[in-house]
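Structure first, then comments.
There are 6 protein chains.
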Amino acid sequence: MTFPAPVSPLRFSRLLLTGAAGGLGRELRPRLKRYCDTLRLSDIADLGGASPGEEMQPVRLEDRSAVADLLKGVDAVVHLGGVSVETPFDPILQANIVGVFNLYEAARIHGVKRIVFASSNHVTGFYRQDEVIDTDAPMRPDGLYGVSKAFGENLSRFYFDRYGIETACLRIGSSFPEPKDRRMLATWMSFDDLERLVVACLTAPIVGHSVIYGISDNRTKWWDNTRAAHLGYVPQDSSEPFRAAVEARQPTLDLRDPAVIYQGGAFVRTGPLE
Amino acid sequence: MTFPAPVSPLRFSRLLLTGAAGGLGRELRPRLKRYCDTLRLSDIADLGGASPGEEMQPVRLEDRSAVADLLKGVDAVVHLGGVSVETPFDPILQANIVGVFNLYEAARIHGVKRIVFASSNHVTGFYRQDEVIDTDAPMRPDGLYGVSKAFGENLSRFYFDRYGIETACLRIGSSFPEPKDRRMLATWMSFDDLERLVVACLTAPIVGHSVIYGISDNRTKWWDNTRAAHLGYVPQDSSEPFRAAVEARQPTLDLRDPAVIYQGGAFVRTGPLE
Amino acid sequence: MTFPAPVSPLRFSRLLLTGAAGGLGRELRPRLKRYCDTLRLSDIADLGGASPGEEMQPVRLEDRSAVADLLKGVDAVVHLGGVSVETPFDPILQANIVGVFNLYEAARIHGVKRIVFASSNHVTGFYRQDEVIDTDAPMRPDGLYGVSKAFGENLSRFYFDRYGIETACLRIGSSFPEPKDRRMLATWMSFDDLERLVVACLTAPIVGHSVIYGISDNRTKWWDNTRAAHLGYVPQDSSEPFRAAVEARQPTLDLRDPAVIYQGGAFVRTGPLE
Amino acid sequence: MTFPAPVSPLRFSRLLLTGAAGGLGRELRPRLKRYCDTLRLSDIADLGGASPGEEMQPVRLEDRSAVADLLKGVDAVVHLGGVSVETPFDPILQANIVGVFNLYEAARIHGVKRIVFASSNHVTGFYRQDEVIDTDAPMRPDGLYGVSKAFGENLSRFYFDRYGIETACLRIGSSFPEPKDRRMLATWMSFDDLERLVVACLTAPIVGHSVIYGISDNRTKWWDNTRAAHLGYVPQDSSEPFRAAVEARQPTLDLRDPAVIYQGGAFVRTGPLE
Amino acid sequence: MTFPAPVSPLRFSRLLLTGAAGGLGRELRPRLKRYCDTLRLSDIADLGGASPGEEMQPVRLEDRSAVADLLKGVDAVVHLGGVSVETPFDPILQANIVGVFNLYEAARIHGVKRIVFASSNHVTGFYRQDEVIDTDAPMRPDGLYGVSKAFGENLSRFYFDRYGIETACLRIGSSFPEPKDRRMLATWMSFDDLERLVVACLTAPIVGHSVIYGISDNRTKWWDNTRAAHLGYVPQDSSEPFRAAVEARQPTLDLRDPAVIYQGGAFVRTGPLE
Amino acid sequence: MTFPAPVSPLRFSRLLLTGAAGGLGRELRPRLKRYCDTLRLSDIADLGGASPGEEMQPVRLEDRSAVADLLKGVDAVVHLGGVSVETPFDPILQANIVGVFNLYEAARIHGVKRIVFASSNHVTGFYRQDEVIDTDAPMRPDGLYGVSKAFGENLSRFYFDRYGIETACLRIGSSFPEPKDRRMLATWMSFDDLERLVVACLTAPIVGHSVIYGISDNRTKWWDNTRAAHLGYVPQDSSEPFRAAVEARQPTLDLRDPAVIYQGGAFVRTGPLE
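Protein chains in written order, with this note's numbering: chain A, 29 to 302; chain B, 29 to 302; chain C, 29 to 302; chain D, 29 to 302; chain E, 29 to 302; chain F, 29 to 302.
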């Protein structure tokens with residue numbers, strides 16, 4: 029099999045968005061459409077009807093041949109699909125481990141050369157909230173979900189070193205309409221900044237294998253993206269306008285609560301039951 | 029003795045401000061009142077009359093039992109008290125060494141869980157003005173005053189590791205109404221930024237034991253606060269508007285002068301006489 | 029469920045050795061017997077007959093309940109089980125991902141507090157042979173096998189941070205009777221040094237979560253174990269006595285061969301077919 | 029020979045600008061005039077007529093005695109002279125190696141105490157565009173031009189350590205009226221920012237031997253100037269307003285092209301012919 | 029006052045040994061005699077009779093003028109004096125803070141140019157026993173004793189930066205006839221190695237301000253002296269021959285005991301009472 | 029022009045030794061003969077008669093075409109040629125700058141793939157003798173000679189990054205029959221260790237571009253070769269047996285002497301006259 033020369037475009041013939049029915053997927057769906065002729069959408073949940081320029085291809089990520097088909101004819105992938113919360117191991121295993129392997133195998137087979145991978149801050153959730161880490165700090169996942177995202181980061185590192193498939197791993201903080209609690213004053217990323225981040229990673233001339241934390245320009249920061257400055261992500265939003273309301277709702281914190289101590293927040297209290 | 033669960037509040041029942049009659053103390057006094065029901069004030073100099081919500085408790089820091097009383101019923105401390113210039117050893121010993129020990133012992137005895145400690149840039153004053161250091165650089169004090177502040181930082185580190193008492197060590201640059209000389213173009217912190225810094229440290233969900241340089245967003249920087257970004261201090265002021273006036277007053281510098289070479293400025297020329 | 033206080037012993041009532049029928053397992057079996065009253069052995073391959081003080085409990089690692097039983101009554105585990113070469117994904121998935129998860133869940137359920145985990149140098153196999161890395165260098169696995177070992181390291185990190193189960197991750201180089209090729213002059217670990225390493229990790233007062241490369245005191249080194257010096261592993265053997273014979277068999281190397289360029293050697297050329 | 033005390037002024041009696049007829053020299057010529065009584069200009073190309081306060085002293089940099097004369101009576105030097113592109117070795121040798129040696133010898137002889145040296149990003153051009161380096165990263169020049177600039181940086185380091193002559197090495201990215209291609213979105217420095225950078229280095233109280241990358245505040249960054257923050261260079265411009273036009277002209281990039289992979293861009297493809 | 033040129037000798041006219049009646053002082057007393065014409069001895073405890081070449085000058089370290097007299101005519105100091113265990117603050121304050129200040133002032137006044145200062149591993153005792161630190165790691169003292177030794181290190185740093193008085197800070201582990209417990213297998217230093225270390229620091233051509241951990245070549249290591257290799261200390265002994273006996277006496281450890289978790293051992297449990 | 033595949037052999041058909049008539053060249057000449065069929069020798073000084081298996085080809089390094097001829101038919105080069113002491117700039121320029129460029133151009137033209145380059149500790153001679161650096165520390169040359177060796181290191185880095193020509197840069201300390209002074213107790217390398225180092229670099233499977241300090245296993249060390257451990261150089265000798273004699277000859281040192289303060293020793297006092 030031979031592929032055309034790997035090309036870094038600014039606009040794509042066909043982009044694949046997985047997890048398109050999820051919270052972030054629904055936000056990105058109309059926004060990514062602007063960067064491609066065809067936006068292929070996939071999810072296991074209902075995707076609604078296809079708008080012009082959209083095409084639907086729902087697959088289960090653990091279905092290897094369906095995923096292989098999914099990447100056919102695709103220029104680049106924004107992979108939001110999979111489990112995005114702490115659950116028992118089996119769903120995580122299927123979607124985030126088997127599923128991510130299937131995705132990269134499909135990319136290899138079909139010559140897809142760039143993937144924007146929704147990793148998570150929970151890859152490093154067991155660092156403390158009173159320390160600041162950069163993107164090279166050793167992984168300290170805060171649960172099985174975080175461990176599965178670490179798997180995805182390492183697998184994609186291998187596919188870059190071995191096959192030249194570029195991946196930007198986005199360690200997304202908390203992307204919601206607004207920050208919901210005190211922790212999110214540090215971890216929040218607006219939907220507009222999410223778009224900026226994803227588009228920066230899709231259109232950067234070269235991505236190699238990069239790791240970047242997905243946060244807005246918040247006043248409180250635990251994560252230092254200096255080593256990812258080549259990606260050209262400069263957030264424009266901040267959690268600060270929401271501070272007063274958030275603090276009013278949560279005026280005190282218990283300093284013995286692991287969710288207050290560790291960056292992963294409440295995730296560090298889940299995981300298999302003790 | 030048992031204490032209630034350590035709680036991180038946004039507003040305090042009773043805050044203690046030591047050194048309340050000093051230059052920075054007088055600035056912070058009305059500002060901190062907004063964050064507490066009662067502001068307890070202490071100094072050895074005249075504190076004037078008590079405003080509503082203020083209470084006076086003047087003590088000498090070297091008086092262990094008086095200091096123990098001082099911290100009774102207090103939620104958190106902003107410790108500006110002590111000697112703040114280079115002097116002979118004995119006053120520094122009493123106020124900044126014995127006094128700081130007394131303060132932490134009192135905090136331990138009364139279950140006070142957070143202290144904002146006015147340390148000083150003179151803890152690292154023997155670095156050169158042509159190098160940039162971060163908050164983890166080995167200490168290089170520029171005089172006995174700087175050595176005493178280093179003592180306070182180390183003592184507070186111990187009280188955190190051993191007793192869980194949180195401290196933010198503020199290595200304050202030069203906090204005055206405006207920068208007075210060329211060096212202060214790098215080291216200046218406005219009073220508004222001082223307030224921002226102190227309040228950030230009082231109200232951050234978790235502080236642990238943190239070190240941060242206290243400067244405004246000046247154009248020239250010797251100190252990199254990246255590792256303290258979790259404190260949420262983002263300065264809003266800058267020495268830049270004062271540059272022209274300062275430079276007009278001090279158009280040349282002697283490159284052989286230790287006060288020009290080292291970050292501590294004129295402090296590096298004091299210390300015990302040669 | 030409550031467990032007795034976690035204790036760090038020098039000698040064990042019952043040790044579990046998984047992968048006991050493999051190359052390293054057969055070596056360690058008689059050696060580990062000296063450190064315990066009962067040595068429980070497990071593998072999917074034939075284990076031969078039980079010697080005095082041995083007990084057999086063969087399980088498939090992917091069988092969650094069998095693995096749960098396997099760890100019952102065990103003080104500590106030396107986990108060599110699983111796939112130890114590059115294979116298609118499914119066997120690796122079952123043994124090294126599902127299997128390792130099962131092992132840690134079993135350890136959590138039964139209160140086992142220390143695991144010596146046979147990780148692999150292939151976790152970092154895509155570093156070059158002309159660079160020296162330490163145990164904190166970001167992971168760069170050289171194949172699916174390496175990715176699976178990275179999974180095990182991250183999972184065990186989580187089980188330590190969350191449940192206090194200690195793990196020493198041994199990134200074993202090449203443990204054979206003697207080095208077989210030029211690469212192994214750098215990566216070789218004698219069986220005696222393997223024993224020293226495993227025993228050091230079993231009997232160190234405290235292991236926390238540690239990573240260490242498993243090599244003898246070879247003349248050529250790619251891996252710096254300075255950060256693991258607390259484990260007390262000091263190799264006594266070296267590949268040097270084998271150098272002349274090895275070099276005679278392999279007098280030239282092709283500098284364009286990825287197996288010569290990268291630390292993972294021939295593993296970097298395997299992985300899913302191109 | 030004795031010199032007056034080394035003084036760090038804000039305004040100079042006589043400044044020397046070499047390379048004054050080149051692209052950057054023509055820009056800086058009127059701007060630097062504002063910071064001195066007399067601006068001495070030198071180049072081997074035509075400098076046009078002298079404006080008031082200018083004096084012309086054209087020399088070939090390889091002419092040792094002429095260069096010695098050139099620095100007589102000079103307070104500080106902005107050294108843009110020499111070859112600024114990849115050429116055969118001999119012109120680079122004469123202008124950038126012999127010439128720079130002549131310049132520093134002249135500075136030593138005449139007691140000139142500060143030099144702003146136009147180094148180049150090509151000193152580190154063989155780093156990849158998907159990595160971010162700081163000013164201490166080991167040099168990786170991308171051609172003979174870059175090697176010659178590395179020579180200048182090392183020579184000036186020696187003249188500082190040995191003779192106290194201060195140098196700011198500006199690793200200039202791409203200083204043109206506007207960015208010409210996608211790479212320059214990362215490397216561009218506006219002429220106004222160039223002036224800010226040069227003036228900051230001329231007027232900083234103390235420079236020692238410093239290295240700083242010369243770029244505007246671009247969205248995409250490969251270079252981290254944190255360690256040079258003492259110089260007080262804060263760029264005010266950005267390549268971002270030019271992005272749309274640049275991307276329209278260069279919508280795709282070939283990811284196999286060394287000029288896309290490495291920071292030095294097309295320079296990495298020149299050098300002695302293969 | 030003028031002093032003769034600072035000279036680095038191999039043999040001293042007069043050496044001062046403080047703390048000469050303590051455990052380490054009694055060991056070093058006959059050994060140091062070999063390196064000087066006169067060995068001046070000081071302590072507050074009984075020093076016994078003076079041997080030939082010895083002179084006695086007992087002082088209390090908190091007596092400033094007596095300490096000033098003590099350093100008169102001295103070439104170099106080995107300062108073992110002061111409190112060497114965790115006690116209430118006041119004795120530590122007098123001996124280790126006031127006393128060390130007195131010592132350095134006396135050195136400044138009398139032109140003494142090198143001091144070997146017995147610091148302690150307790151300056152960093154709150155690091156964990158499963159981590160390895162080097163001599164630049166931020167201080168984390170484990171008690172008031174450790175805080176006082178940190179004071180001495182910082183004070184001596186100042187006296188070097190300001191007055192050129194050289195100090196080697198020896199962070200002594202556990203120097204006893206033999207290791208007494210499991211922790212000392214990591215921290216032990218034989219008396220012969222203690223002599224090697226002190227003599228290396230006295231006779232190194234240049235010491236500047238250096239920090240080094242005082243341990244033998246033990247199998248288990250928490251401390252990396254790489255940055256102190258210029259001192260030329262290469263230990264010749266090891267705790268290993270004592271391992272079997274030590275382990276027999278202490279076959280199990282409680283992993284919840286702070287003395288097992290932290291490098292400072294039992295010191296971390298002392299400090300002011302909780 | 030096409031070359032055969034780059035091959036890393038253990039024994040060479042033809043080795044080139046430049047500077048063969050110098051102090052180190054005369055030592056290496058008989059030793060290197062054992063690793064090749066033909067040893068080509070070059071120098072500008074008298075080489076004496078050719079032994080069997082030797083061939084003479086004396087050239088001036090600044091003669092580009094003669095150097096091009098010199099590398100014809102050569103498998104690898106040990107480049108000791110050039111100026112090895114501080115001299116005026118012109119001889120250094122011709123031999124160490126023009127000459128080294130000629131050498132690498134010749135290597136490129138003739139497909140020579142590995143060069144062992146005699147660099148020097150004087151590349152970093154302005155670090156202090158009380159600090160320990162590794163091979164990545166920024167260059168701080170102590171004279172024009174050191175600057176020229178820095179040029180060679182940077183040029184060879186470029187020829188590796190661009191053309192794949194491997195170089196091991198040996199920052200040789202002091203290689204003499206025995207150490208001559210106190211400084212050489214730190215910097216000395218025996219001739220046997222020199223051979224070990226050169227042979228390790230010639231025969232290592234892959235060298236890339238590496239930097240290593242050339243010293244024996246001396247007790248006092250300023251240089252940390254950890255990052256060069258892949259080269260497999262393990263010194264067997266030490267300056268220690270010579271210590272007593274050396275110290276007897278030089279019992280005191282003047283701590284104000286730059287040659288005592290800086291690693292470069294007396295070189296730091298040479299350079300262009302002040």
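From the three backbone atoms N, C-alpha and C, an ideal C-beta is built for every residue, glycine too.
- Message: Assuming A:L43 and A:R68 are in contact, meaning their beta carbons sit under 8 Å apart, how far apart are those beta carbons, in whole angstroms?
- Response: 7 Å
- D:I89 versus D:G201: straight-line alpha-carbon distance, rounded: The sequence given here has Leu at residue 89 of chain D, not Ile. Approximately 23 Å between the Cα atoms of the pair.
- Query: What runs of the alpha helix (DSSP H), each 4 residues or longer, lie entirely inside the stretch 168-229 of chain B?
  - Reply: 172-191, 212-215
- Message: Give me the residue from A:V144, A:G174, A:S238 with the minimum Cα distance to A:V296.
- Response: A:G174
- Message: Within 10 Å of its beta-carbon, does A:V128 have 16 or more other beta-carbons around it, so buried, or fewer, so exposed?
- Response: buried
- Item | E:Y187 to E:F179 span [Cα, whole Å] | 12 Å
- Min CB distance A:A104 to chain D below 8 Å: no
- Message: Please report the distance separating the alpha-carbon of F:P119 from that of C:V151.
- Response: 50 Å
- Spatial distance of B:M29 from E:A287 (CA atoms): Below a pLDDT of 50, predicted positions are generally treated as unreliable, and B:M29, at 44, falls in that range; no measurement from the model is reported.
- Message: Does the CB of B:L60 have a neighbour CB from chain A at under 8 Å?
- Response: no
- Do three or more CB pairs link the stretch 218-225 of chain C to the stretch 55-62 of chain C at distances below 8 Å? yes
- Nearest neighbour of A:I161, chosen from A:N253, A:P169, A:Q122 [CA to CA]: A:N253
- Task: Assign A:P207 to one of two classes, buried (16 or more other C-beta atoms within 10 Å of its C-beta) or exposed (fewer than that).
- Result: buried
- From E:A196, E:S184, E:G153, E:S148, pick the residue whose C-alpha is nearest to that of E:Y261; which is it? E:A196
- Collapsed DSSP secondary structure at C:E55 in the structure displayed: helix
- A:T248 touches chain B at which residues, Cβ-Cβ below 8 Å? A232, A257, H258, L259, G260
- Message: With a threshold of 7 Å (Cβ to nearest heavy atom), would B:E133 be considered close to the ligand PLP?
- Response: The ligand PLP is not part of this structure, which contains no ligands at all.
- Message: Quick check on C:T280 - is its C-beta less than 8 Å from some C-beta in chain F?
- Response: yes
- Message: Am I right that F:V126 and F:A104 are in contact with their C-beta atoms under 8 Å? What's the rounded C-beta distance?
- Response: About 22 Å separates the two Cβ atoms, so there is no contact after all.
- Task: With distances taken Cα to Cα, identify the nearest neighbour of E:L172 among E:V111, E:R224, E:W250.
- Result: E:V111
- Query: For E:E114, which three-state DSSP category applies?
  - Reply: coil
- Going by beta carbon distance, what residues of the same chain come within less than 6 Å of E:W251, once the five residues before and after it are set aside? Y241
- So, helix, strand or coil for F:E302, using DSSP? Note on F:E302: pLDDT 45, under 50, position unreliable in the model; no value is reported.
- Message: For a quick check, are the C-beta atoms of D:R224 and D:Q264 less than 8 Å apart?
- Response: yes
- Query: D:G192 versus chain F: which residues are under 8 Å apart at the beta carbon?
  - Reply: Neighbours of D:G192 on chain F: none; closest Cβ ~10 Å, over 8 Å.
- Taking only the alpha-carbon atoms, compute the straight-line gap between A:D74 and A:P86 and give it to the nearest angstrom. 9 Å
- May I ask you to list, following chain order, the residues of the stretch 142-163 of chain C that have a beta carbon less than 8 Å from some beta carbon of chain F? R156, Q157, D158, E159, V160
- Query: Going along the chain, which residues of its own chain have a beta-carbon closer than 6 Å to the beta-carbon of F:D65, five neighbours each way excluded?
  - Reply: S41
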